[in-house]
Amino acid sequence: MDEGVKALFEPRSVAVVGASRHPGKIGYEILNNLIEYGFPGKIYPINPKAEEILGLKVYPRLSEVPGTVDLVVVSVPARIVPDVIDEAGKVGAKAAVVIASGFKEVGNEELEEELVKRARKHGIRVLGPNVFGIVYAPSRLNASFGPTHVIPGSVAFITQSGALGIALMGMTIVERIGVSAIISIGNKADIDDADLLEYLGEDPRTRVILIYMEGVRDGRRFMEVAKEVTKKKPVIVIKAGKTEAGARAVASHTGSLAGNVKIYSTAFRQAGVIEAMTVEEAFDWARAFSYLPRYEDGKLVLVTNGGGAGVLSTDMLVSRGVRLSPPPKSLVEKVREYLPSFASLGNPIDVTGQISSEGFVRAVMDALNNDEVGAVLAIYCQTAVTDPMLIASKLVESVDLSGGLRKPLIVTMIGGEETYWAIQRLNKARIPAYPMPERAAAAMATVINYGRYVSRVRNLRNG
Ligand code: ACO
């Protein structure tokens, strides 16, 4: 394990160079987040013009800090950064997060090279420059100027876009997606995706890794590391800069080369990396992976009270390489006992619009408890004879009573405001739920395809 990368996630002490006296300035907000998020180690604000900020003693320079400093967050203008790195080297820091913009992304390549040269000289690993910082929930570390509190969980999010990253950090709170880490990776002058993947691949608190990527620095190494990590946990990538104009925007944003779309997609596939086309897809899938057990094998069964939604889901699954076979006979016999005579008992099992809330949940649970079934997609359309919240609550209760999910279950609830709250209820209980059938079906296809990928690479290794 690289000591510098480890210090980035698990520092014993953090110094903030450029900790400002003024609320609203970046250096102030980073210090505030470190304190408010409850970092348990030592925090050293550095500012030659201040004596105390937010109740902490301030040091004029790093060399005057009385203890050791593992991680230095650098929030001073770009031109001062190389000198700060020299000072950090002298106090034995192992990693630095360089917040400042004004490097390669604006054509200032020399300054970026100088920064890396000095960091290498001192054996310091650098995150950035041009970043909003890092959050790592297991260490209670929020060294960023994003939101203060994130919901702790198992999704690690690496983002090459600062503003988008901060915005999505906020979204994870609204959408109740628990995160283990949020890392703004910026210009990737030193630490790149592969370094972070190596750490997060071994991190027991991270179950799924999500990357917003504009370009990679060392494609071969990324592939090698990703290939190993995807055997253990899913890696989802949103690759930006797919069009010519998009690629130009990437160059001026983080100074990266966006590269050829097809080459990226092929490389991702070969390394088992899951490519999402939109932010929505990426977060939908990350949620599903973070809540669900891995798909092993067995039939996927669709249970729906709405024929059309069942058809749309089927189309989405098939377009993503998941074929549907008839449901197990034992399941058909079981549900026939209580479903209306006109229910369609294929796959999807259409329980009809006449079904009650209890009947819908019963059919979903019967499918889930059938030994030949490997995954269930429950597709619910709001009707006057059912209550979305009752369905959600009963489903949560039944899953709990059966000892929790041992195979993937994904739910879609389509309808009005009541379905919105029912979806929240399900997500809170870690049953992934979505308001649109295509989104739920795409998430299910991704979960199944990844489960198959893992089985395939494991069989190859064992055979
Ligand atoms: N050591 C320690 N502190 C110092 C030093 C030094 N050598 N020199 C100055 N300071 C103090 C300053 O006095 C100031 O404190 P004060 O506010 O109490 O007076 C503080 O450090 C900050 O220095 P400023 O010169 O005021 O710098 P400012 O805070 O305005 O800007 C920053 C620094 C934020 C790094 C800016 O240069 C920058 O690059 N901003 C862009 C950041 C960004 O957007 N990052 C990209 C990703 S995120 C996204 O895209 C949303």
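Those letters in the sequence shown? Residues 1 to 463, per the numbering used here, in order.
We treat Cβ as the ideally placed atom computed from N, Cα and C, and that holds for glycine.
Could you tell me whether any non-hydrogen atom of the ligand ACO is closer than 7 angstroms to the CB of residue i?
i: Pro77; result: yes
i: Phe132; result: yes
i: Pro48; result: yes
i: Lys57; result: no
i: Ala163; result: yes
i: Gly18; result: yes
i: Val84; result: yes
i: Val100; result: For the record, residue 100 in the displayed sequence is Ala; it is not Val. Yes, Cβ of Ala100 sits closer than 7 angstroms to a heavy atom of the ligand ACO.
i: Ser184; result: yes
i: Ile191; result: no
i: Arg21; result: yes
i: Gly27; result: yes
i: Ile43; result: no
i: Ile80; result: yes
i: Ile30; result: no
i: Ile158; result: no
i: Ile236; result: no
i: Phe448; result: In the sequence as presented, Phe is not what sits at residue 448; that position holds Ile. Because no heavy atom of the ligand ACO lies under 7 angstroms away, the Cβ of Ile448 does not count as near it: no.
i: Ile35; result: no
i: Ile124; result: no
i: Ile274; result: no
i: Ile177; result: no
i: Ile166; result: yes
Tell whether a beta-carbon distance below 8 angstroms holds between residue i and residue j.
i: Lys239; j: Met213; result: yes
i: Ala367; j: Leu339; result: no
i: Ile191; j: Arg125; result: yes
i: Ala539; j: Val155; result: Given a span of 1 to 463 for the chain in the structure shown, any question on residue 539 remains unanswerable.
i: Lys440; j: Leu377; result: The question names Lys, but residue 440 is Ala in the sequence shown. Yes; because the gap between Cβ atoms is below 8 angstroms, this pair is in contact.
i: Tyr291; j: Arg430; result: yes
i: Met316; j: Ala445; result: yes
i: Lys233; j: Thr206; result: yes
i: Phe360; j: Asn305; result: yes
i: Tyr136; j: Phe9; result: yes
i: Phe222; j: Ala194; result: yes
i: Glu224; j: Gly201; result: no
i: Ile134; j: Ser184; result: yes
i: Lys407; j: Pro293; result: yes
i: Leu115; j: Ile85; result: yes
i: Gly374; j: Gly298; result: yes
i: Leu141; j: Phe289; result: no
i: Arg425; j: Ser393; result: yes
i: Ser63; j: Glu87; result: yes
i: Glu275; j: Gly451; result: no
i: Val237; j: Ile211; result: yes
i: Val91; j: Val65; result: yes
State the Cα-Cα distance for the pair residue i and residue j, rounded to the nearest angstrom.
i: Ile158; j: Tyr453; result: 23 angstroms
i: Pro11; j: Val396; result: 39 angstroms
i: Asp470; j: Leu409; result: No statement about residue 470 is possible, as the shown extent of the chain runs from 1 to 463 and does not include it.
i: Val261; j: Leu196; result: 23 angstroms
i: Tyr380; j: Asn347; result: 15 angstroms
i: Pro471; j: Gly415; result: For residue 471 there is no data in the structure shown, the boundaries of the chain being 1 and 463.
i: Ile209; j: Asn187; result: 19 angstroms
i: Thr314; j: Ile423; result: 21 angstroms
i: Pro147; j: Asn33; result: 8 angstroms
i: Pro23; j: Gly107; result: 31 angstroms
i: Ser325; j: Leu300; result: 8 angstroms
i: Asn473; j: Gly403; result: Examination of residue 473 is not possible in this model, given that the chain is present from 1 through 463 alone.
i: Lys329; j: Arg458; result: 31 angstroms
i: Glu112; j: Lys104; result: 6 angstroms
i: Gly321; j: Val447; result: 12 angstroms
i: Ala384; j: Val311; result: 22 angstroms
i: Val5; j: Ala96; result: 10 angstroms
i: Asp400; j: Glu438; result: 27 angstroms
i: Leu302; j: Glu337; result: 18 angstroms
i: Val98; j: Phe283; result: 27 angstroms
i: Ser144; j: Ala267; result: 32 angstroms
i: Val235; j: Val335; result: 37 angstroms
i: Ser161; j: Glu109; result: 19 angstroms
Sufficient close CB pairs (3 or more, under 8 angstroms) joining the stretch 147 to 159 to the stretch 172 to 191: yes
The stretch 67 to 79 / the stretch 158 to 172 touching (three or more Cβ pairs under 8 angstroms): no
The stretch 112 to 128 touching the stretch 45 to 62, judged by at least three CB pairs closer than 8 angstroms: no
Three CB pairs or more closer than 8 angstroms across the stretch 263 to 283 and the stretch 348 to 368: no
Inter-stretch contact (C-beta, 8 angstroms, three-pair minimum) for the stretch 54 to 69 and the stretch 129 to 136: no
Contact the stretch 13 to 23 vs the stretch 31 to 45: 3+ CB pairs below 8 angstroms: yes
Three or more C-beta pairs below 8 angstroms linking the stretch 409 to 428 and the stretch 385 to 400: yes
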